[in-house]
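Visitor: Can you keep this structure in mind? I'll have questions shortly.
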Ligand SMILES: Cc1cc2nc3c(=O)[nH]c(=O)nc-3n(C[C@H](O)[C@H](O)[C@H](O)COP(=O)(O)OP(=O)(O)OC[C@H]3O[C@@H](n4cnc5c(N)ncnc54)[C@H](O)[C@@H]3O)c2cc1C
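In the working numbering, the protein residues as written are 59 to 489.
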């Protein structure tokens, strides 16, 4: 039985990141009859694409079924790092792996350059991240990953249990891998800034506009939306973890939407926050059902997240599970109350790589499947797609890679809970 987490009197089930941030809420305006490009999804991917399309002088609308940037892009952990779900050693074993890896570094550095380029402040802090080994078997394997990092000149080192004492206030881990380049950021400030930049460049942003259907019409498309029909020459689908297979079945068979949840503690005494994470680094553990955590940008709270289930669950249940996991890792936080809890959707793929390109059958352009590591890649993919559609750049190196469909059990919701048990067994064995 998981204990109910203690909460503050001000507790709300909304993202901590939304506090004090002016998220874009454009006044409803009529949809145009026709545009050059229609972007489905108003998160980092869609807005980054729209920014470049507008800059390229083309007429673009961004359509989101909810408010603009109310999805994962304003709810995530704000942890930016090179790479994706696979370790660098996996990348380097692939024939085109070095090229792909370098593109993830370019994506990361692109976020670094965004603040001065767009004139926005999103609390970017280059602090490094640590992958914390939850099992001795994983700790032993981290040496090879560190060697792969150093072989390409990337700053990374293995941390022993003794080294960890000055890095984290927890005795739960069997070692760690410190990757120096990584950074923390404020996801909602970034999302709001990107939306303002896209609108400022001329993109029309429409919230509360669900795209219900897409039809090829001559050289272009006709979109059926909850607010009427719209014609466009091109369509970019940027729906990631909220992808609905009814829009394009091909995408629905390739994206597994999974909930990821976070809690924010109440304000901590500075010495308690520093005892948890003295260098304000980004932390992940190495489980399949991973936990990720960090301090808030002002170092006053712990923000702790994880995937609590492959099957649908609730914010309340996830809050209680996350609080109990947080206290198990950091006993000094026992009794600390939860002030905010929230969730969002990430998109898993069968090969755990993101995918971008043009679907040959429908002609639709897509960019998605970031597997929970999309802060940097989504912005990079979106911008690259936007430039490419305007004839001023190429698609990312990830484009054109074969995209396997999900194994059939992953497409059957009732079997997902069973798959989740399998992952927990693997976690216990350090596999
Ligand atoms: C809790 C959480 C923590 C995370 N932590 C990290 C992290 O620390 N680091 C990291 O790199 N990544 C993290 N991620 C992942 C990261 O947030 C995503 O990869 C990224 O935000 C994807 O952006 P996106 O624009 O592609 O998708 P989203 O931001 O999800 O936007 C997709 C949009 O499409 C809209 N949409 C869907 N269907 C339709 C339709 N039919 N019509 C109109 N609109 C539609 C949705 O409403 C949504 O707004 C996290 C995600 C979550 C949920």
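Glycine is no exception: its CB is placed at the ideal position from the N, C-alpha and C atoms. Keep in mind it's a predicted model, so treat the numbers as computed, not measured.
Are the segment 283–292 and the segment 79–91 in contact at 8 Å, needing three or more beta carbon pairs?
Guide: Yes, the segment 283–292 touches the segment 79–91.
Visitor: Can you name, in chain order, every residue of its own chain whose Cβ lies under 7 Å from the Cβ of residue 278, other than the five neighbours on each side?
Guide: So the qualifying residues of the chain are 289, 290, 291.
Visitor: Look up residue 424 in the DSSP assignment and say whether it is helix, strand or coil.
Guide: Correct three-state label for residue 424: strand.
Visitor: Give me the DSSP bridge partner(s) of residue 315.
Guide: DSSP output for residue 315 lists 405 as bridge partner(s).
Visitor: From the DSSP output, which residues share a beta bridge with residue 350?
Guide: Answer by DSSP bridge pairing, in chain order: 342, 363.
Visitor: Using the Cα positions of residue 330 and residue 70, report the straight-line distance between them to the nearest angstrom.
Guide: The straight-line gap from Cα to Cα measures roughly 23 Å.
Visitor: Less than 7 Å between C-beta atoms, sequence neighbours within five positions excluded: which residues of the same chain meet that for residue 270?
Guide: Contacts found: 282, 283, 284.
Visitor: At what residue ranges does the segment 256–280 contain a whole run of the beta strand (DSSP E), taking only runs of 3 or more?
Guide: As far as the segment 256–280 is concerned, its whole beta strand (DSSP E) runs of at least 3 residues are 262–264, 269–275.
Visitor: Can you check the segment 96–169 for any alpha helix (DSSP H) of at least 4 residues that lies completely inside it and give the ranges in chain order?
Guide: Qualifying alpha helix (DSSP H) stretches, in chain order: 102–113, 146–151.
Visitor: Give me the DSSP bridge partner(s) of residue 183.
Guide: Residue 183 pairs with 242.
Visitor: For residue 117, which option in 305, 443, 260, 344 has the closest C-alpha, if you only look at C-alpha atoms?
Guide: Closest option to residue 117, Cα to Cα, is 260.
Visitor: Can you look up residue 216 in the DSSP assignment and give me helix, strand or coil?
Guide: Three-state result, residue 216: strand.
Visitor: Tell me where the beta strand (DSSP E) around residue 289 begins and ends.
Guide: Counting along the chain, the beta strand (DSSP E) containing residue 289 begins and ends at 286–295.
Visitor: Below 8 Å between beta carbons: does that hold for residue 382 and residue 401?
Guide: No.
Visitor: What is the rounded straight-line gap between the Cα of residue 195 and the Cα of residue 146?
Guide: Those two C-alpha atoms are separated by around 18 Å.
Visitor: For residue 65, which residues from the same chain have a beta carbon less than 6 Å from its beta carbon, with the 5 sequence-adjacent residues on both sides left out?
Guide: Only 395, 396 meet the Cβ criterion.
Visitor: For my contact list, residue 204 and residue 214 are in at a C-beta cut-off of 8 Å; report their separation, rounded to the angstrom.
Guide: Right, the Cβ-Cβ distance comes to about 5 Å (below 8 Å), so this counts as a contact.
Visitor: Would the beta-carbon of residue 346 be found less than 7 Å away from any heavy atom of ligand 1?
Guide: Residue 346: no, Cβ never under 7 Å from ligand 1.
Visitor: Given that a residue counts as buried once 16 or more other Cβ atoms are within 10 Å of its Cβ, and exposed if not, what is residue 233?
Guide: Buried.
Visitor: Have a look at residue 428 and residue 412 and give me their C-alpha separation to the nearest angstrom.
Guide: So the alpha carbons of these two residues sit roughly 5 Å apart.
Visitor: Below 8 Å CB to CB, which residues in the same chain sit around residue 80 once its five sequence neighbours on both sides are set aside?
Guide: Counting only Cβ-Cβ distances below 8 Å, and skipping sequence neighbours, we find 250.
Visitor: To the nearest angstrom, report how far apart residue 200 and residue 323 are at their CA atoms.
Guide: Near 31 Å, if we compare the C-alpha coordinates of residue 323 and residue 200.
Visitor: Looking at residue 111 and residue 421, is the spacing between their C-beta atoms short of 8 Å?
Guide: Result no, Cβ atoms of residue 421 and residue 111 do not sit closer than 8 Å.
Visitor: Mark residue 140 as exposed unless 16 or more other C-beta atoms lie within 10 angstroms of its C-beta, in which case mark it buried.
Guide: Buried: at least 16 other Cβ atoms inside 10 Å.
Visitor: Which whole-angstrom value describes the C-beta separation of residue 73 and residue 132, a residue pair presumed to lie in contact below a C-beta threshold of 8 Å?
Guide: Right, their Cβ atoms sit about 6 Å apart.
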